[in-house]
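Worksheet: one structure, shown below.
Numbering (the numbering used here), first residue to last: 56 to 838.
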């Protein structure tokens with residue numbers, strides 16, 4: 056097995072506690088990678104002697120695993136485990152029981168993910184080396200793991216927290232199998248099933264994160280290599296194919312990076328992530344120079360699954376390509392990315408996190424050539440260089456999470472940002488919207504004027520109205536127009552192209568939403584609409600001039616009256632439109648509509664095709680296809696047993712003699728305890744005649760923290776027609792309760808169209824139990 060290696064940034068590695076060292080490209084075998092990891096761990100050993108305040112629990116286990124794999128220093132294992140034990144919460148009455156302090160400096164468990172990162176190494180140490188390590192070390196490790204298993208069981212994150220959901224499932228599976236704890240392994244299998252179904256339905260939630268995609272690959276590679284269960288290994292193989300296809304679709308060969316919009320990006324300027332870059336370079340997808348030679352090399356060194364060469368070939372040669380996909384359940388939780396040979400344009404129609412880049416342009420260049428990106432800024436940090444405490448003992452470059460939406464049609468994207476009081480704008484000394492762009496390019500224009508931004512002298516160039524700002528880089532051009540901008544006090548905001556003398560090689564198009572006096576209304580009203588257009592293959596000055604002229608002459612429309620905002624621009628092949636109430640109170644209207652594909656490349660949903668081969672998707676598809684529909688006559692009441700629905704993890708069917716047919720359905724959970732477990736019950740429903748229906752449920756809800764469901768209705772294609780937040784009230788015994796609207800507390804009415812729909816009861820709070828449904832067209836009927 057041969058690998059190619061390269062240099063990358065260390066920001067994400069630092070965030071994950073990795074150590075970065077150079078390593079020769081000649082050292083390409085798994086044994087050499089393990090040796091390099093063990094060498095890098097010497098720093099961990101030195102820190103453990105103190106212990107140093109910045110020693111992390113995860114590196115203790117990863118270093119111990121690297122030593123065991125390299126067959127070095129067995130005498131060091133027990134001291135490493137004893138130090139880890141001192142960082143572990145052993146109080147069974149504590150919420151953090153079994154978990155670890157992330158850093159030695161922490162006085163308690165602050166980051167609940169520490170148990171996952173620690174047991175990623177701990178599980179493999181027990182699985183692969185318990186027979187060969189010294190007895191004191193084995194005893195200490197077993198004691199740690201016995202507590203940590205409960206910590207992993209208690210750490211019930213939802214499947215939308217992609218990297219931790221995968222790592223949690225991985226740890227439970229491998230720990231349960233290694234210790235012959237079938238109940239632990241079964242819980243891991245169930246959580247992986249839930250992740251698969253979530254991804255099948257909604258796509259990869261923590262999308263295109265240059266840092267966490269690498270963590271995802273680590274987790275899946277270890278499941279694929281070490282799980283004893285063939286079904287689980289097949290799931291990991293399919294998910295690996297999905298993630299690598301996603302990476303291949305978005306890697307821009309001309310820049311050697313994961314292009315397009317990013318969620319959870321630690322490196323705004325360059326979009327590099329050391330963990331993912333390690334995988335890319337080990338597979339030869341990036342050029343040879345240097346690479347991460349730290350403890351993190353342990354995971355890919357142990358892997359056996361390899362991405363097929365056809366994916367690399369597709370990434371390099373399939374141009375242009377249009378990639379569209381969803382990343383969560385809401386219709387606008389989706390992203391679009393259009394790649395040409397010399398430029399890419401990407402947009403997300405909603406925010407996932409406070410470290411997202413939802414509007415991006417990528418241009419040819421090396422790993423240190425900056426990206427173009429939009430960022431909402433209330434702390435004078437447009438380049439993401441100022442870390443602030445975010446909880447869990449960590450500091451990150453987080454920013455605002457305002458209302459954001461965007462629509463895109465190939466080479467044209469239209470983005471809208473609106474700032475609200477809940478976006479932490481009231482206490483901010485400044486509020487700005489930035490489009491950051493590289494300045495070392497061939498040319499820049501503001502309106503008709505060519506400006507020099509490449510020199511060292513700072514400068515400002517005011518932008519009049521919606522005049523275009525255009526840059527040329529080689530055969531590519533990027534144009535930006537600010538169609539509308541509003542200050543916090545409701546007045547007109549101004550835009551300026553700014554060269555502030557930074558050392559990062561960028562300029563920024565900045566909309567200043569604050570007022571000189573600092574005055575503002577009680578309600579923040581700031582916002583901006585941005586139109587970005589790109590073009591490639593511009594070989595002559597005349598080509599560039601034609602692009603600039605066409606962009607300047609294009610006629611957008613902007614309607615900002617009557618408490619509604621509507622923007623439309625002419626795109627390649629049709630209009631691009633964004634429309635929303637002002638302030639936002641309902642989902643925006645976007646043209647083109649966001650995609651609901653898992654991963655569509657040029658219109659083909661290859662993501663769903665990959666996942667359709669594995670469980671539990673195959674059983675789900677069979678159930679949806681073959682199950683007889685539930686018929687709702689227009690003049691009859693219908694009773695439905697909960698267990699007759701198809702249970703999507705984490706919903707399960709359980710026995711109870713007091714239930715109507717001796718069985719009920721629920722997402723398991725302890726009374727009063729909250730977790731992020733999610734699941735659904737599904738019914739295919741045939742409605743002979745369109746009409747209005749009401750729903751009752753025979754429920755048992757043991758506490759105020761365990762007394763609600765979501766009821767959803769979808770059309771035959773899966774599009775959401777209606778969702779009701781159903782608060783059942785507390786009932787310690789089985790009791791009929793009507794479905795009511797969460798706001799009005801009045802009975803909720805379902806207007807069902809004629810034809811086939813899908814009815815879902817979904818987890819809102821685990822522990823809420825459902826025995827039967829009563830569905831009626833009669834508003835006076837009761838079960």
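Beta carbons are placed, not taken as given, at the ideal position from N, Cα and C, and that holds for glycine.
query	result
Of all the options 116, 371 and 470, which has the alpha carbon lying nearest to the alpha carbon of residue 643?	470
Below 8 Å between beta carbons: does that hold for residue 370 and residue 319?	no
What residue from 807, 682 and 411 has the CA that sits closest to residue 743's CA?	807
Does the Cβ of residue 493 have 16 or more other Cβ atoms within 10 Å, making it buried, or fewer, making it exposed?	buried
Buried or exposed, going by whether 16 or more other CB atoms sit within 10 Å of the CB of residue 81?	With a pLDDT of 46 at residue 81, under the threshold of 50, the modelled position of this residue cannot be trusted; read the value that follows with caution. Its Cβ having fewer than 16 others within 10 Å, residue 81 is exposed.
Please list, in chain order, all residues of the same chain as residue 747 whose beta carbon is under 6 Å from its beta carbon, the five residues on each side excluded.	804 and 806
Short check: CB of residue 382 to CB of residue 257, under 8 Å?	yes
Answer yes or no: do residue 324 and residue 332 have a C-beta to C-beta separation smaller than 8 Å?	no
Among 436, 187 and 104, which has the Cα closest to the Cα of residue 123?	187
Identify, in the order they occur along the chain, each residue of the same chain with its Cβ nearer than 6 Å to the Cβ of residue 291, setting aside the five sequence neighbours on each side.	275, 278 and 279
Could you tell me whether the Cβ atoms of residue 821 and residue 723 are closer together than 8 Å?	yes
Three or more C-beta pairs under 8 Å: does that hold for the region 188-204 against the region 132-151?	yes
Can at least three beta-carbon pairs, one atom from the region 606-625 and one from the region 536-551, be found at a separation below 8 Å?	yes
Please name the residue in 765, 641, 428 and 827 whose C-alpha comes closest to that of residue 717.	827
Give me whichever residues DSSP pairs with residue 357 in a beta bridge.	According to DSSP, residue 357 bridges with nothing at all.
Just tell me which of 108, 214, 559 and 234 has its CA closest to the CA of residue 423.	559
Does the structure place the region 452-460 close enough to the region 356-376 that three or more beta carbon pairs sit under 8 Å?	no
Pull up the distance between the alpha-carbon of residue 490 and that of residue 580, whole angstroms please.	20 Å
What does the alpha-carbon distance come out to for the pair residue 498 and residue 510?	12 Å
Which word fits residue 273, buried or exposed, when buried means at least 16 other C-beta atoms lie within 10 angstroms of its C-beta?	buried
Can residue 399 and residue 315 be called in contact, C-beta distance under 8 Å?	yes
Count the C-beta pairs between the region 169-180 and the region 224-235 that are closer than 8 Å, then say yes if the count reaches three, no if not.	yes
Here's the rule: buried if 16 or more other CB atoms are within 10 angstroms of the residue's CB, otherwise exposed. What is residue 698?	buried
Buried or exposed: residue 710, going by 16 or more other Cβ atoms within 10 Å of its Cβ?	exposed
Residues bridged to residue 827 by DSSP?	696 and 753
List the DSSP bridge partners of residue 763.	782
Classify residue 626 as buried or exposed, calling it buried when 16 or more other Cβ atoms lie within 10 Å of its own Cβ.	buried
In terms of residues, what are the limits of the beta strand (DSSP E) holding residue 338?	Where residue 338 is concerned, there is no enclosing beta strand (DSSP E), given that its DSSP letter is neither H nor E.
Taking Cβ positions, are residue 816 and residue 735 nearer each other than 8 Å?	yes
Could you tell me which residues DSSP puts in a beta bridge with residue 108?	The partner list for residue 108 (beta bridge, DSSP) is empty, contrary to what the question assumes.
For the beta strand (DSSP E) that residue 492 lies in, which residues bound it at each end?	487-493
From residue 477 to residue 418, what does the alpha carbon distance come to, in whole angstroms?	35 Å
Would you check if the region 777-793 and the region 674-688 touch, i.e. whether three or more CB-CB distances between them fall below 8 Å?	no
Measuring straight from C-alpha to C-alpha, what distance separates residue 653 and residue 104?	48 Å
Inspect the beta-carbon positions of residue 378 and residue 672 and report whether they are closer than 8 Å.	no
In the DSSP output, which residue or residues are listed as bridge partners for residue 306?	313
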